[in-house]
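Colleague: Got a structure here, written out as structure tokens. Questions coming.
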Amino acid sequence: MFSPDKPNNEVSSTPKQPVILGFDPGRQKCGLAVMAVDRKLHYHEVIMAENAIATIQELREIYPISVLVMGDQTTAKSWKNRLNEELLEPLRIILVDERYSTLEARDRYWQMYPPKGLYKLIPQGMRPLPRPVDDIVAILLIERYLGRLVSRDNS
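Numbering follows full-length UniProt numbering, with no gaps: position 31 of the sequence shown is 31.
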């Protein structure tokens, strides 16, 4: 959709275990990711905000989504209300700290899609991103949520 480096939005084999839907809501575009608790990534994509509810519905038909994890900042409250009102079936929504997630997503982007050719010579901090990273933010939100669960179990 926003490529050149198109995210992995092809459906992988449907996991047997419940999965987590990561959602980075925005006014114009949103990031979505589906990850199993074993941290296997099944889907990620940046979509237009007006398509978010329909896309979430479609993902729920494909994957056994147990919970939706989303950031707790700017548009979180309005999106949470909207999701609760517009989704056909209620979905448990967990808010996680999203501070610095966009900066972290920039770094993760270059790990997932290493630069090629002369682009490798440009320092990472100076390289412009070729596409939005909202989907990678959604991945990071899931990872933060899973990290929170693990740290509770170890306490």
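Note that CB positions come from ideal geometry on N, CA and C, so glycine has one too.
Rounded to the nearest angstrom, what separates Lys-40 and Ile-20 at their Cα positions?
Modeller: Along the sequence shown, one-based indexing puts residue 40 at 40. Along the sequence shown, one-based indexing puts residue 20 at 20. Rounded to the nearest angstrom, the two C-alpha atoms are 10 Å apart.
Colleague: Taking the C-alpha atoms as reference points, what is the distance between Glu-84 and Gln-28?
Modeller: Position 84 of the sequence shown, counting from 1, holds the residue named residue 84. Position 28 of the sequence shown, counting from 1, holds the residue named residue 28. A small correction: the amino acid at residue 84 is Asn; Glu does not occupy that position in the sequence shown. So the two alpha carbons sit approximately 20 Å from each other.
Colleague: Let me know if Gln-57 comes out buried or exposed under the rule of 16 or more other beta-carbons within 10 Å of its beta-carbon.
Modeller: In the sequence shown, the residue the question calls residue 57 occupies position 57. With fewer than 16 Cβ atoms within 10 Å of its Cβ, Gln-57 is classed as exposed.
Colleague: Excluding the 5 residues preceding and the 5 following Ile-65 in the sequence, name in chain order all residues of the same chain whose CB lies nearer than 8 Å to its CB.
Modeller: By one-based count along the sequence shown, residue 65 stands at place 65. For Ile-65, where only same-chain residues beyond five positions count, the Cβ hits under 8 Å are Pro-18, Val-19, Ile-20, Leu-21, Val-34, Leu-59 and Leu-91.
Colleague: Which one of Asp-38, Gly-26 and Phe-23 has the shortest CA to CA distance from Leu-146?
Modeller: Residue numbering aside, residue 146 sits at position 146 when the sequence shown is read from its first letter. The shortest C-alpha separation from Leu-146 is found at Asp-38.
Colleague: Check each candidate in Ala-36, Glu-98 and Pro-123 and name the one with the smallest Cα separation from Pro-25.
Modeller: As a first step, residue 25 is located in the sequence shown; it is residue number 25 there, counting from the start. Ranking the options by Cα distance to Pro-25, first place goes to Glu-98.
Colleague: Does the distance from the C-beta atom of Lys-77 to that of Ile-93 stay below 8 Å?
Modeller: Start at 1 with the first residue of the sequence shown, and residue 77 comes out as number 77. Start at 1 with the first residue of the sequence shown, and residue 93 comes out as number 93. Cβ atoms of Lys-77 and Ile-93: not closer than 8 Å.
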